[in-house]
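Engineer:
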Amino acid sequence: KVSEASLSSVAPVFVVMRFEKNGNVTSSEKKKTELYQELGLQARDLRFQHQTSITTRNNIIILQMESLKAIVTPECLLVLDFRGFGLDKWLVLELGPQLAGEGTLVTYSLPFEFRALEALLQHRVNTLQARLNEMHPQIMDSLESLVDPKILSADRSKLHMLLLNSKGLSELETDVKVFKESLLKILDEDELIEEMCLTKWTDPRVFEESSLGIDHAEEMELLLENYLLQAEELGNNTRELKGLIDDSESVIFINLDSHRNVMMRLNLQLTMGTFSLSLFGLIGVAFGMNLESNLEEDPRVFWLVTGIMFLGSGLIWRRLLSFLGRHLEPSSPPPIPPVWKKGHIASARGTDIKGGVR
Amino acid sequence: KVSEASLSSVAPVFVVMRFEKNGNVTSSEKKKTELYQELGLQARDLRFQHQTSITTRNNIIILQMESLKAIVTPECLLVLDFRGFGLDKWLVLELGPQLAGEGTLVTYSLPFEFRALEALLQHRVNTLQARLNEMHPQIMDSLESLVDPKILSADRSKLHMLLLNSKGLSELETDVKVFKESLLKILDEDELIEEMCLTKWTDPRVFEESSLGIDHAEEMELLLENYLLQAEELGNNTRELKGLIDDSESVIFINLDSHRNVMMRLNLQLTMGTFSLSLFGLIGVAFGMNLESNLEEDPRVFWLVTGIMFLGSGLIWRRLLSFLGRHLEPSSPPPIPPVWKKGHIASARGTDIKGGVR
Amino acid sequence: KVSEASLSSVAPVFVVMRFEKNGNVTSSEKKKTELYQELGLQARDLRFQHQTSITTRNNIIILQMESLKAIVTPECLLVLDFRGFGLDKWLVLELGPQLAGEGTLVTYSLPFEFRALEALLQHRVNTLQARLNEMHPQIMDSLESLVDPKILSADRSKLHMLLLNSKGLSELETDVKVFKESLLKILDEDELIEEMCLTKWTDPRVFEESSLGIDHAEEMELLLENYLLQAEELGNNTRELKGLIDDSESVIFINLDSHRNVMMRLNLQLTMGTFSLSLFGLIGVAFGMNLESNLEEDPRVFWLVTGIMFLGSGLIWRRLLSFLGRHLEPSSPPPIPPVWKKGHIASARGTDIKGGVR
Amino acid sequence: KVSEASLSSVAPVFVVMRFEKNGNVTSSEKKKTELYQELGLQARDLRFQHQTSITTRNNIIILQMESLKAIVTPECLLVLDFRGFGLDKWLVLELGPQLAGEGTLVTYSLPFEFRALEALLQHRVNTLQARLNEMHPQIMDSLESLVDPKILSADRSKLHMLLLNSKGLSELETDVKVFKESLLKILDEDELIEEMCLTKWTDPRVFEESSLGIDHAEEMELLLENYLLQAEELGNNTRELKGLIDDSESVIFINLDSHRNVMMRLNLQLTMGTFSLSLFGLIGVAFGMNLESNLEEDPRVFWLVTGIMFLGSGLIWRRLLSFLGRHLEPSSPPPIPPVWKKGHIASARGTDIKGGVR
Amino acid sequence: KVSEASLSSVAPVFVVMRFEKNGNVTSSEKKKTELYQELGLQARDLRFQHQTSITTRNNIIILQMESLKAIVTPECLLVLDFRGFGLDKWLVLELGPQLAGEGTLVTYSLPFEFRALEALLQHRVNTLQARLNEMHPQIMDSLESLVDPKILSADRSKLHMLLLNSKGLSELETDVKVFKESLLKILDEDELIEEMCLTKWTDPRVFEESSLGIDHAEEMELLLENYLLQAEELGNNTRELKGLIDDSESVIFINLDSHRNVMMRLNLQLTMGTFSLSLFGLIGVAFGMNLESNLEEDPRVFWLVTGIMFLGSGLIWRRLLSFLGRHLEPSSPPPIPPVWKKGHIASARGTDIKGGVR
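Which chain is which? The protein sequence lines are A, B, C, D and E, in order. Counting in the working numbering, the first sequence runs without a single skipped number right up to 441 at its last residue. Counting in the working numbering, the second sequence runs without a single skipped number right up to 441 at its last residue. Counting in the working numbering, the third sequence runs without a single skipped number right up to 441 at its last residue. Counting in the working numbering, the fourth sequence runs without a single skipped number right up to 441 at its last residue. Counting in the working numbering, the fifth sequence runs without a single skipped number right up to 441 at its last residue.
1) Quick one: list the residues of chain E neighbouring P382 (chain D), beta-carbon separation under 9 Å, in chain order.
2) Within the stretch 241-288 of chain E, note down every full beta strand (DSSP E) run reaching 3 residues or more, in order along the chain.
3) Going along chain D, which residues have a C-beta under 9 Å from I335 (chain C)?
4) Compute the distance between the beta-carbons of L365 (chain B) and G364 (chain A), then report whether it is under 8 Å.
5) Rounding to the nearest angstrom, what Cα-Cα distance links Q147 (chain C) and E117 (chain C) in this structure?
6) A153 (chain B) to L311 (chain E), Cα distance in whole Å?
7) Quick check on the burial criterion: 16 or more other C-beta atoms within 10 angstroms. Buried or exposed for F406 (chain B)?
8) Measuring only between beta-carbons, confirm whether P194 (chain D) sits less than 8 Å from chain C.
9) So, does the CB of A300 (chain A) fall closer than 8 Å to a CB anywhere in chain B?
10) Taking 8 Å as the cut-off, does the stretch 269-278 of chain C touch the stretch 243-258 of chain C (at least 3 CB pairs, one atom from each stretch)?
11) Excluding five sequence neighbours on each side, which residues of the same chain lie with their C-beta closer than 6 Å to the C-beta of L235 (chain C)?
12) Identify the continuous beta strand (DSSP E) that holds E201 (chain B) and give its terminal residues.
13) Any beta-carbon of chain D closer than 8 Å to the one on N105 (chain C)?
14) What does DSSP give as the partner residue(s) for R140 (chain A) in the beta ladder?
15) How far does the alpha helix (DSSP H) with T357 (chain C) in it extend, from its first residue to its last?
16) Report yes or no: is there a C-beta of chain B within less than 8 Å of the C-beta of R348 (chain C)?
17) Can you list the residues of chain C that V368 (chain D) reaches, using a CB-CB cut of under 8 Å?
18) Within the 8 Å Cβ cut-off, does S249 (chain D) reach chain E?
19) Are there 16 or more other CB atoms within 10 angstroms of the CB of G318 (chain A), so buried, or fewer, so exposed?
20) DSSP three-state label for I399 (chain A), please.
21) How would you write the range of the beta strand (DSSP E) that E375 (chain E) sits in, first residue to last?
22) Does E112 (chain E) pass the burial test, meaning 16 or more other C-beta atoms within 10 Å, or should it be called exposed?
23) Can you confirm whether M100 (chain B), when its beta carbon is compared against all beta carbons of chain C, has any partner nearer than 8 Å?
24) At least one CB of chain D closer than 8 Å to the CB of G408 (chain C): is that the case?
25) So with Cβ pairs under 8 Å, would you call S225 (chain C) a contact of chain D?
26) Run through DSSP, which three-state label would I391 (chain C) get?
27) Which of helix, strand or coil does DSSP assign to A183 (chain E)?
28) If the cut is a Cβ gap below 7 Å, which residues of chain A does L246 (chain E) touch?
29) CB L161 (chain A) to CB R207 (chain A), shorter than 8 Å?
30) Determine whether the Cβ of S150 (chain C) lies closer than 8 Å to any Cβ atom of chain D.
31) Using a Cβ distance threshold of 8 Å, determine whether the stretch 370-389 of chain C contacts the stretch 384-400 of chain B, with at least three qualifying pairs required.
32) Give me whichever residues DSSP pairs with T109 (chain C) in a beta bridge.
33) Using 8 Å as the limit for Cβ to Cβ distance, is F385 (chain B) near chain C?
34) Please state the DSSP three-state secondary structure of A153 (chain E).
35) Would you tell me roughly how many angstroms separate the C-alpha atoms of E278 (chain C) and I269 (chain E), rounded to the nearest one?
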């Protein structure tokens, strides 16, 4: 609240990097009020409130893509407040040359605003793609080790990594969606596409030319559609990756459950053994009592009883084990309907589909 | 039912706070019948049945946002029934100054209805945002402690907190959706946007001016679109948070399952030990019987049998443990297809995407 | 099939309750053929095949809402086949007075068909709302007791109740959806809205008036939109309640799993104790054998061995317990990335959002 | 591949059943080439590649509904390749009479193509409904026995039945969706509806009549809309049934988990007992050793030690059980916020909704 | 980066296979610059950045379907960069003959671009269908063995196979979606459909003919719609298969849980037995102590105590087992509401639906 008060008393200052049409790049500081008077805009046009937006106002394109705030005029591209977001390197090493025609822009034969817009949109798509590219191997690595059927319990650090990346994917999905919507908002209205073609309205010479040969609006539509498609492919990849995580989670659960069942059966088998030993051990305990059984003197009885104890335990255990075996698998398997075995979908309907247009 | 009867006999009374264009703020009580005759409305126009609605009627904007009921005319803003909802402070300390031009409204250069609408919409968005801001740290805190891989069982109070916040998120999601829909309903019809510009129709002077310079309808569209975008960002954040809860729940389950498997293996290993001891203990029990084995006199036999008991138990246990180890991990791991290892998505398709518009 | 045959030979009979414009209510039986000739309709117009539909035909509104079948003409409202569905009370006690202007209809100043339609739509919404109101406390009650972290196993009757209510919610959701769609079908076509205003076409006097002052079609649109909004709020509440059930199920599972883990740990700790006792008990068993150990005579040996047995068991158990403690919590907790702790969403993006339109 | 080759050399033959306008039914074989020349169609119009499609071509309606392939002209209805799909009975016993006006078609006063279309669409809806009707009791039966809280483990045959029916529901859902889409494709374009009214274009007399009284296109729209609504109701029922299966699965899991927890507690209680017995049994084992304790001669010691063993076991067990009881239920239940208890949705928001349009 | 640099210095070269209208097939290498000058295109038109796209530019159709890049002119079809993707066989053995009229194309009577387009679209649909056909049996096989109720733990290799195929299905779903969208983009705009009919604009003779008889645009729409429908059927099948996997996973979990519950009950029963034996074994241990009980001399006592031990164990065990039985099934089953038993959906609502249009 304090900072707001001071901000309203002192006019805010933008750090501006200016890319001229002819390749000149200058960097300066400008008061906000100066800037918007210079550009013929209103104060509210330069508020940059939203994460992603592309608007035109008074024959100027105002564009925000997360930390990148840019203003495109027919003559130059201004990038505002670029410091501290790691944009500097890209601005100097890539954007400058691209706008000067040295890069590999598709639109280098078109007016300046096309080149600027393409460079900015491509930067945005590349940033989003880079986020996916960074998460992709981590996710695959986490999943690969978690899905591994040999493991008895999930690796906690991998799990944590997966959760973080899962969160990252959701955020990426939202950002791609917002980017797509901001492009769609323009593509849905022909009027807005027209407004994006700045040179068409300022430079009569170009306008005439365009009324003959290339249609600027059509080129703009193709340019935006191109990035819409790229964003959609990015969105599809993100969605597939999320789906893969979901599927893998089911597999992880089945794995853990399977392990548990296997261990439980082993445990049960041993419990059966212990029970058998306890049961027949009771005979031994009985004969160990300081009570007279009148059998004490007969030397064969020792071996007889010992034999009964061991053999009896063994026999009972075997019976219990075979009982367990019978108990776990149903005596008569339920008759599996033939429809399932024969691959119903493929046979009953696939044939129609395979046919195609013959 | 009783109150309804009495309400129909006695004309209902509104407590009204009136914000004049010139900054005057007055508060009074008015009979409902008086109020709507004064405004040229019909009784049914002031029923405020829905949670969220923005309508125009007879050049007056009637707006309801949950407990906030407001009427905007070109001259003044009336807030109805504001008591008991905690609105008083905001009305006096924020809304008054904002309308008087002291605040930081974008539209302070535009007619009164723009300022009033902006202040009300901003209040609504801030209220919704505040609900998210309140829940966000609680949810993150609950999740953080629940996801913690060290915990063996979920903390019940955290779980309860999470459920409550989950419910709160669903409600917030609905409210944001309803708010967005009420804005979209207006934005979808140009006619409705025109009707929102009250001054345009009442003040010919302004209307002329607007037909020259600034288009009121366009400004209104920008204003509403702005809040639509903010509501969408809010909705996106809510959705992401819900997604995070879902993802975390999977992780919680995997954690709990992992713990269980680890404990089950330990339990199984000990059961194996106990079984081994029982088995060889049976020898001891046998020799403890009061029966003659003819070995009683030989002093070496004691040590022999005792040794057999302990060593035998140990050996059998070791065999069982190594059997368990072999049993749990498959002897030959299933050959993992290379397609998975190599990161199919990235290699086979990512390259096309990375390229961008070159 | 038999009844169909007899139905086609004998003309079917409708029990009709007739609400005249002037408040008269009469009830009679009418042959279907008579009825549709009287109204100028065709046989197929009175089939009432669908659960919910609102159609106009020959300046008559035909409306079906589940068991309520009604025909609205500019002069009267006919309710057909009302017996046996519990509608009688509503028809006599509420609908009659409402149409006679005694109730609290919004549209009592508008032509008869508006009042009839409002009364019918309000009845429908109230019926749907009543179903939700009935299920809501039952669901909350079931969930409250199921979510209770103290319970070890889910209460079966509550669970059954929840399943039944869950089914009821799905059906309510469908009915609300169908109701909304039948309203939307009319609202989407201006022509259909016009057709709903019966009086406009039959009474030239009213038509002229309407061409001056109030626009009937606009009032009809507002009326239908009003009920669409109410249905949407109902749908939102239903959806939220279903979401709450889903969220609660996760919590129930986590609770049950947590209980299980806690019990399993206790079990494991006791198994450790039993193992320790078995291990050192073996010493006792060894000395209990009727074999000569040459230690029999020394009285200190008894206390020594007994001490070893008890102390040894205790020590081993303690080691095992501390091993379990170490085993369950990882020695070095995975370094939790700071991004999670600091509440990434709030800090990195929330600030942009909070700002609003400044 | 071989059959394709032979099919192209030899002209394919259709088995055709012909229903004339006047009620005549004839059945014959026709070469495909003959057929389409006779009807003025092209070869590709009679390929019937898709599962469900309704198209018009050269004033002829070509319709395919899974195995039912039909051609409707203003004069007759041709059903092609009807053998081997169980259609014969329906064709002879139902379709014939219906077209001859004996059935209960809504459209029997309208031109022939209406009757034919209605009969075919009704057959399709009935077929789809029959599939649902067949699966519905099986699913309810399976669910009822699986949801039964008494069962400890799921009945495998019921489970298998449920899976098969679940698959069947998915297929039914797809078929209903495809059917709806094929109707919607026509309903979305007025031109296509017009084309469906064959008689309007061929019989000038009827056309004039229609331009006066009944509008054929409107009747066609009502007919198709009617079946669209029926398909939607069918789709809603299918969706609800799938939802019920999902909800039931949660209940099954909660049931199985509850059983497990109950058994685990019993197991734990017994393990506690066994542990207590082992612990105090060790005393007995100690005194059973052939070592001198100098207590051998005192007859009271026997009863003392025996008493300690039994009472001690009992006491320790009791302590452990009460410890378990305390451990499983938290000493201080988490304070449940009042918002949940009071039924927040109903109280805070329901009141607004209940009000309706008063 | 290095390869990019070299690519920009050296003009890229396309390997081109050319299918002339008259059946000639030639294969050559062409510089990219030559190619686009020859075709009157711009450099950026031949970038093939997206996975799937169909565009027209300067009366030429440019089409990309994953690895297949094709250019259709009214005179010939060029396939670019076809090597290394396994397309060679299809190009030579199928595409050539099809375009020459030997195949079974629907459009062989229409201009060349129709035939080329049909052949390419059919290839695409066949490729997608082949992917589904390949995965379908594998998935059914995996599911069949995993769903098998006899198995105690999931087969890991089957599970891994399922996960891989699940991933494959997601990718197929995306590809089908993208294919559908690229067709829909054209079908949604009449202008684009017109542009696809190349011959119409180049060959006046054909154009006149078309203005009389067959409408090219309509044929093009039918052709594209046909493949849209096929893609939709493919998408439906993919979706059903994913649904089947989901349903099966639930069944797998229920199976594993059921097995676990059965084993746990057996385990519990044996633990009960062991407990009983321990309890009564304690008597034996007591009498085994070297302490005087004064019962040593009575020979009947031995048999009495032994009998008590065995019978007592047995009796206690039986009591515990019956307690378990009572504990697991509730004494009074919850009264199942009749609504569920009677099949509510079918009876209360199904009757309305079954009726149909009577």
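Glycine included, every Cβ here is placed at the ideal spot set by N, Cα and C. Quick caveat: nothing in here was measured; it's all calculated off a predicted structure.
Structural biologist: Inspection of the coordinates gives the following:
1) In chain order: L374, E375, S376, N377.
2) Fully contained in the stretch 241-288 of chain E is no beta strand (DSSP E) run of length 3 or more.
3) What I335 (chain C) touches in chain D: S333, I337, D340.
4) In this structure, G364 (chain A) lies closer than 8 Å to L365 (chain B) by Cβ.
5) Whole-angstrom Cα-Cα distance: 20 Å.
6) Taking the straight line joining both Cα atoms gives about 51 Å.
7) Here F406 (chain B) is exposed, its C-beta having fewer than 16 other C-beta atoms within 10 Å.
8) No, P194 (chain D) lies away from the interface with chain C (no Cβ there is under 8 Å from its Cβ).
9) A300 (chain A) does not count as touching chain B.
10) By the Cβ rule, the stretch 243-258 of chain C does not count as touching the stretch 269-278 of chain C, because fewer than three pairs are nearer than 8 Å.
11) Annotation for L235 (chain C): H342 place their beta carbon closer than 6 Å to its own, counting only its chain and skipping 5 residues before and after.
12) That residue, E201 (chain B), is in no beta strand (DSSP E); its alpha helix (DSSP H) goes 195-230.
13) At a cut-off of 8 Å, the C-beta of N105 (chain C) has no neighbouring C-beta in chain D.
14) For R140 (chain A), which the question treats as bridged, DSSP gives the partners A:I143.
15) For T357 (chain C), the enclosing alpha helix (DSSP H) begins and ends at 299-371.
16) At least one CB atom of chain B sits nearer than 8 Å to the CB of R348 (chain C).
17) In chain order: G364, G367, V368, G371, M392.
18) Chain E contact via Cβ: present.
19) By the beta-carbon neighbour count (other beta carbons within 10 angstroms, threshold 16), G318 (chain A) is buried.
20) Helix at I399 (chain A).
21) Neither: E375 (chain E) is in no beta strand (DSSP E) and is coded neither H nor E.
22) Classification of E112 (chain E): exposed, given that the 10 Å Cβ count is below 16.
23) No, its Cβ sits nowhere closer than 8 Å to a Cβ of chain C.
24) Put simply, the CB of G408 (chain C) is far from chain D, with every gap to its CB atoms at 8 Å or more.
25) By this cut-off, S225 (chain C) is not an interface position.
26) Here I391 (chain C) sits in helix by DSSP.
27) In this structure, A183 (chain E) counts as coil in the three-state DSSP scheme.
28) In chain order, V230, D330, S331, V334 make up the part of chain A whose C-beta sits under 7 Å from the C-beta of L246 (chain E).
29) Against a cut-off of 8 Å, the Cβ pair of R207 (chain A) and L161 (chain A) comes out as no contact.
30) Put simply, the CB of S150 (chain C) is far from chain D, with every gap to its CB atoms at 8 Å or more.
31) They touch, by the three-pair rule.
32) Beta-bridge partners of T109 (chain C) (DSSP): C:R101.
33) Chain C, which has a Cβ nearer than 8 Å to the Cβ of F385 (chain B), makes this yes.
34) Strand.
35) If you draw a straight line from the Cα of E278 (chain C) to the Cα of I269 (chain E), it is about 37 Å long.
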